[in-house]
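These notes are about the structure you will find just below.
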Amino acid sequence: MKQLLISTNFQLRQLDGPKTRRLVRRPGQFGLGQIPSEKAPDATTTSVCGFCSTGCGLNVHLKEGEAINLTPATHYPVNLGMACPKGWEALTPLDADDRATSPMYRPQRGQSAEAIPWNEAAGHFSERFQAIQKEHGDDSVAFISTGQIVTEEMAFLGALAKFGMGIKHGDGNTRQCMATAVVAYKQSFGFDSPPYTYQDFEESDVIVLVGSNLCIAHPIMWQRVERNPHNPEIIVVDPRRTETAVAATQHYPIRPKSDLIFFYGLAKRLIELGAIDQSFIDQHTNEFDDFANHVASYDAARVEAQSGITEAELNKLAQTIADGQRVSFWWTMGVNQGHEATRTAQSIINLALMTGNIGRPGTGANSITGQCNAMGSRLFSNTTGLLGGHDFANQEHREKVANILGIEEERIPQEPSMAYDQIIENIHAGKIRGLWVIATNGAHSWIHQDRYREAMEKLDFLVVQDMYGNTETAEMADLILPAAAWGEKEGIFINSERRLGVVKKVHKAPGQALSDFNIFRLLAQAWGCGEMFAKWQSPAAAFEILKELSAGQPCDITGIESYQHLDELGGVQWPCTGTQASARKEENQCRLFEDRQFYHPDKRAKFLFADPLAPSEWADEDYPLILLTGRGTSAQWHTQSRTSKSEVLKKLYPQKAYVEVHPEDAEHWQLKDGDKVIVSSRRAEITVVAHLTPIVQRGQVFMSMHYPEVNRLTHASFDPYSRQPSYKCSAVSLRKALS
Ligand SMILES: Nc1nc2c(c(=O)[nH]1)N[C@H]1C(S)=C(S)[C@@H](COP(=O)(O)OP(=O)(O)OC[C@H]3O[C@@H](n4cnc5c(=O)[nH]c(N)nc54)[C@H](O)[C@@H]3O)O[C@H]1N2
Ligand SMILES: Nc1nc2c(c(=O)[nH]1)N[C@H]1C(S)=C(S)[C@@H](COP(=O)(O)OP(=O)(O)OC[C@H]3O[C@@H](n4cnc5c(=O)[nH]c(N)nc54)[C@H](O)[C@@H]3O)O[C@H]1N2
Ligand code: SF4
Ligand SMILES: [Mo]
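Using my numbering, you'd call the opening residue of the sequence shown number 570 and step up by one each time.
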């Protein structure tokens, strides 16, 4: 069961299966800039992929207005003619037999759900939630949103729930994903602002990837690294010897959750080497001297004791960074999902600041985000931050938003929502009794799953709005609202490099499924607040509202005229005011901080740091192994509601849950490759297949998150600033299953 590295060169033609509608790809064909010559379809339109945050451009070929297949767009600045397996197969999940085609209502728990018309569904939604609010107060209903619907929809949801329905508390699956990067950037730079453009992958001479398995999770970004003509040093900091680590020039297999100490040690070494940009530090940052004092005690011996990385290795890394002219630092979930994740992310930001590696080509402190529209949710979900990157606590911001939306300012709460974990705990406490879940599948993906499921059972009313009615969460719902999916509606996504791209309607939604946008319109009417959202006629109309909301903000998008304008330019990165829009025609990309002006009032970036904390669960006698979790293959997407519907993709990943065990540990537990093994933690025990591999270090095991049982094991702890779950550090034990 080899881990699968499937990037652009994957051999799809060997994998013909039923329901395959992609074009057969021949070796050497359409690498960069070429696509196969096929008979001209009726028409071709463009779209942006709806899986990961890379945001690849796709050409969708239509027959009588319906998509028949797709190819990666050759001229789109993101992917330059490439796509990963999920992108190629993006149309297949739309036709799955198990799409939700009608609203389903379960009058009583334990009974089967029955199909009902939309007007009844909207009636149940309003009556049940309003009754709960009447009896237990407005805050007894909450919502959980997503990074996977278009920005117009997520803004509508956030505005409708909070301002229309008086639901003060709502969070999203983005909490599981990039809350840490958001907080880290806000504190360090003054605004949530990943500074890079993908071109930076090609411009660096040193690329440092921390807790990021780019080959698997962002294969097209990895292709951009491979196009780098500067023969770069590629450095991977990851406890596992991942596909990315194998392809790197230097791999630092640190002990899990020792990043903070490791990077403080690295900062100390860089200071000793004189590899800092003192004039940048003096002119554009605050608190460097305190930071330098702080890291002074992180000598090589301390780093080695905690991280397992020797002095010689640390020196080599420091020297590589010191020698680099254009060093870029990138991080993903190995950093964001941790008990001290925010300070860890900032320890990476600090390295970029102190070495002056920011605001120039090939540099940056760059958080790579995850879902297709996680970046849209960061600005417009109206959960942690007020619409358009504003603050709930700021009266001027509330006034601005109220004016643009034409609502009373009093309707805008003065503080952000509770975080996801706090919502779950408040359900347990009986304070939250109604929950509306949109485009996320927490009963599979949330940490310490059994506790999540117990919470769902305690609810008086659970509504799930999804494109499938049989996700783990939908199966627990009292009301299921069937949603049109990517490809069945229009709007914009914002990708990792802040690029807005348009998605199109190229497929008819099945049965009575409605776009999330139209579901919100319907629910607004039924709730009795339809008037308040009269301007939200269509995604295009909503986009105009988003533009107004962004005016004057770092994420200003007022220069984008229309969807068509976005299409013509090949997507546009924020910020894009009117003047910037015309300049973009020359070079369609933009990097932040080229003017060295950060977003704090004094325009300076800030060094933030703290003493390391011990993880709240660690290996001990009873549970001697550390469980790491993450992405398994480039063909699997999260809880697999979509990717499991493609026969092509199914051939590219193991069908059963597995645990990766180091061969020497396997000897200790008397396991052979392929054995059934029971993995137990303090929460649960599950039986999976053992896969023996030196990818994991001794004392550590890895499980891919795509299998529903994995989060039964995970230990729920959270970063105190971002409240992002620490999915990558739980203590487990193994024992061979008897049969
Ligand atoms: N194929 C595929 N691609 C995806 C997704 C998918 O489901 N499938 N999901 C998308 C989403 S939403 C996201 S957020 C991204 C995630 O993208 P990544 O973050 O790259 O993926 P993960 O596998 O979760 O974690 C990355 C690495 O962190 C390492 N790690 C674990 N603990 C530590 C630690 O303490 N320190 C360090 N330095 N590293 C550690 C793991 O070994 C793992 O290799 O992928 C996106 N792309
Ligand atoms: N152990 C472990 N757990 C993890 C992680 C980890 O690394 N380890 N990573 C975490 C991360 S980074 C993430 S982002 C989460 C992801 O966790 P989830 O968000 O729960 O995962 P998805 O499977 O992407 O769920 C998206 C849901 O939306 C539905 N959907 C898709 N498109 C639409 C649409 O247009 N409208 C509607 N209404 N529904 C739609 C899909 O069918 C699916 O049910 O998982 C987290 N969980
Ligand atoms: S890399 Fe991401 S955006 Fe590009 S095709 Fe694959 S899943 Fe889609
Ligand atoms: Mo994510």
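For every residue, glycine included, the Cβ atom is placed at its ideal position computed from N, Cα and C.
Considering only C-alpha positions, which residue in the set Gly624, Ala636, Gln677 is nearest to Cys653? Gly624
To which residues of the same chain is Ser1295 closer than 6 Å at the C-beta, ignoring the five residues directly before and after it? Gln906, Gly907, His908, Ser1286
For ligand 2, any of its heavy atoms closer than 7 Å to the Cβ of Val1279? yes
Close Cβ partners of Gly602 (< 7 Å) along its chain, the five nearest in sequence each way excluded: Residue placement at Gly602 is flagged as unreliable, the pLDDT there being 31, under the threshold of 50; the coordinate-derived value follows with that caveat. Closer than 7 Å at Cβ, skipping near neighbours: Thr643, Leu649, Gly650.
Are the region 611–620 and the region 630–646 touching, with three or more C-beta to C-beta distances below 8 Å? yes
Check each residue's C-beta against every heavy atom of ligand 4 and list, in chain order, those closer than 5 Å. A residue is listed when its beta-carbon falls short of 5 Å from at least one non-hydrogen atom of ligand 4; in chain order these are Cys746, Gly939.
By alpha-carbon positions, which one of Ile736, Leu1050, Pro1144 ends up nearest to Met987? Ile736
May I ask which residues mark the beginning and end of the beta strand (DSSP E) holding Phe1176? No beta strand (DSSP E) contains Phe1176, which DSSP labels as neither H nor E.
Using DSSP's beta-bridge definition, name the partner residues of Phe1062. Gly1070, per the DSSP bridge assignment.
Member of Arg1022, Pro1184, Val775 whose CA lies at the smallest distance from the CA of Gly933: Val775
Residue environment, Lys755, which counts as buried when at least 16 other CB atoms sit within 10 Å: buried
Excluding five sequence neighbours on each side, which residues of the same chain lie with their C-beta closer than 8 Å to the C-beta of Arg1292? Arg744, Ala748, Ala988, Tyr989, Asp990, Gln991
Along the chain, where does the alpha helix (DSSP H) containing Pro1108 start, and where does it finish? Per DSSP, Pro1108 belongs to the alpha helix (DSSP H) from 1108–1119.
Entirely within the region 789–817 and at least 3 residues each: give me those beta strand (DSSP E) ranges in chain order. 802–806
Can you give me the C-alpha to C-alpha distance between Glu965 and Phe620, rounded to a whole angstrom? 36 Å
Tell me whether Leu1182 is buried or exposed, calling it buried when 16 or more other Cβ atoms sit within 10 Å of its Cβ. Only exposed fits Leu1182, as fewer than 16 other CB atoms lie within 10 angstroms of its CB.
Just to confirm, does Met673 get its C-beta within under 7 Å of one of the non-hydrogen atoms of ligand 2? no
Just reading off the alpha helix (DSSP H) that Gly945 is part of, what are its end residues? 943–949
Would DSSP call Arg668 helix, strand or coil? strand
For Glu841, name the three-state secondary structure that DSSP assigns. helix
Residues near Ile803 by beta carbon distance below 6 Å, same chain, minus five either side: Ile776, Ala817, Thr818
Is there at least one non-hydrogen atom of ligand 2 closer than 7 Å to the beta-carbon of Ser622? No, Cβ of Ser622 sits at least 7 Å from all heavy atoms of ligand 2.
Looking at the strands, I want to know which residues DSSP matches up with His630. Thr613, Asn638
Using a threshold of 7 Å, is the CB atom of Ile701 nearer than that to any non-hydrogen atom of ligand 1? no
When every heavy atom of ligand 1 is checked, does at least one fall within less than 7 Å of the C-beta of Arg1200? At least one heavy atom of ligand 1 lies closer than 7 Å to the C-beta of Arg1200.
Cys625 CB to nearest heavy atom of ligand 3 below 7 Å: yes
So which of Gln1224, Phe832, Ala750 has the shortest CA-CA distance to Glu882? Per the Cα distances, Phe832.
Local Cβ density within 10 Å of Ser1203, reported as buried at 16 or more and exposed below that: buried
Buried or exposed (CB count within 10 angstroms, at least 16 for buried), His1237: exposed
Whether Gln1081 touches Ser671 by CB criterion (8 Å): yes
Does DSSP put Glu1254 in a helix, in a strand, or in coil? strand
Determine whether the beta carbon atoms of Asp667 and Asn1039 lie at a separation below 8 Å. yes
Report the three-state DSSP secondary structure of Ile1247 (helix, strand or coil). Three-state DSSP puts Ile1247 in a strand.
Which of helix, strand or coil DSSP assigns to Lys1077: coil
Give, in chain order, every unbroken run of the beta strand (DSSP E) that is at least 3 residues long and sits entirely within the region 848–918. Listed in chain order, the complete beta strand (DSSP E) runs (minimum 3 residues) inside the region 848–918 are 896–900.
Contact test: Gln717 Cβ vs ligand 5 heavy atom, cutoff 7 Å: Absence of ligand 5 is noted for the structure shown, with ligand 1, ligand 2, ligand 3 and ligand 4 being the only ligands found.
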